[in-house]
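Chemist: Quick one: the structure is below, questions incoming.
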Amino acid sequence: MGRRERLRARQLPTESVRLPDPGGGPDEVFELRAIPPDEWEKLLGEHPPTEEQAEKGETYNPTTFRPALLERCVLTPDGEEPLTAQDWADLSASRNLAPGEFIRLYNTAYALNDRSPLVVVGKG
């Protein structure tokens, strides 16, 4: 199989994130999958930075982009309703999902879609 065929056969990457229940119940496991590159670019374009954010160098509006990305990347278990971007925004503003948990899910979704090569620079 040649490079063209190998690249065409690639699947979008997936990853699991496990969030422990602070009340001692079962962990909540989230399965995330990258979206196709053209949809990634479109999603970024749908969430432009505010003027203030652009002045700070932001390339998108994190307030609206983060929940929208999670809506697209978090897979829904069979028989459940998918969480919307509004659901994610509400969860991030509530006490039900800690800020670190929300950021962990977002960072995982972002990394799945960014897929930039890791550059390691050695000493001297």
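So in UniProt numbering, spot 55 of the sequence shown is number 55, and the numbers just go up one at a time.
Glycine residues also receive a C-beta, built at the ideal position from the N, C-alpha and C atoms.
Provide the residue(s) that pair with Ser16 in DSSP beta bridges, ordered along the chain.
Modeler: Note: Ser16 sits in a beta bridge opposite Glu31.
Chemist: Closest to Gly45 by CA distance: which of Val74, Thr76, Thr64 and Asn107 is it?
Modeler: With distances taken between Cα atoms, Gly45 lies closest to Thr64.
Chemist: Could you name the residues of the same chain whose beta carbon sits closer than 7 Å to that of Glu71, not counting the 5 residues immediately before and after it, in chain order?
Modeler: The residues are Leu83, Thr84, Ala85 and Trp88.
Chemist: What do you get for Leu18, buried or exposed, if any count of 16 or more other CB atoms within 10 angstroms of its CB means buried?
Modeler: Residue identity check: residue 18 is Arg in the sequence provided, not Leu. Exposed, because fewer than 16 other Cβ atoms sit within 10 Å of the Cβ of Arg18.
Chemist: In whole angstroms, give me the CA-to-CA distance for Leu97 and Arg10.
Modeler: The straight-line gap from Cα to Cα measures roughly 33 Å.
Chemist: Quick one: is Leu105 buried, meaning 16 or more other Cβ sit within 10 Å of its Cβ, or exposed?
Modeler: With 16 or more Cβ atoms within 10 Å of its Cβ, Leu105 is classed as buried.
Chemist: If you draw a straight line from the C-alpha of Arg3 to the C-alpha of Pro67, how long is it?
Modeler: About 36 Å.
Chemist: State buried or exposed for Ser94, treating a residue as buried only when at least 16 other CB atoms are found within 10 Å of its CB.
Modeler: Ser94 is exposed by the Cβ-count criterion.
Chemist: Using CA coordinates, which residue listed in Gly24, Met1, Glu31 and Glu52 is at the minimum distance from Val74?
Modeler: Measuring from the Cα of Val74, the nearest candidate turns out to be Glu31.
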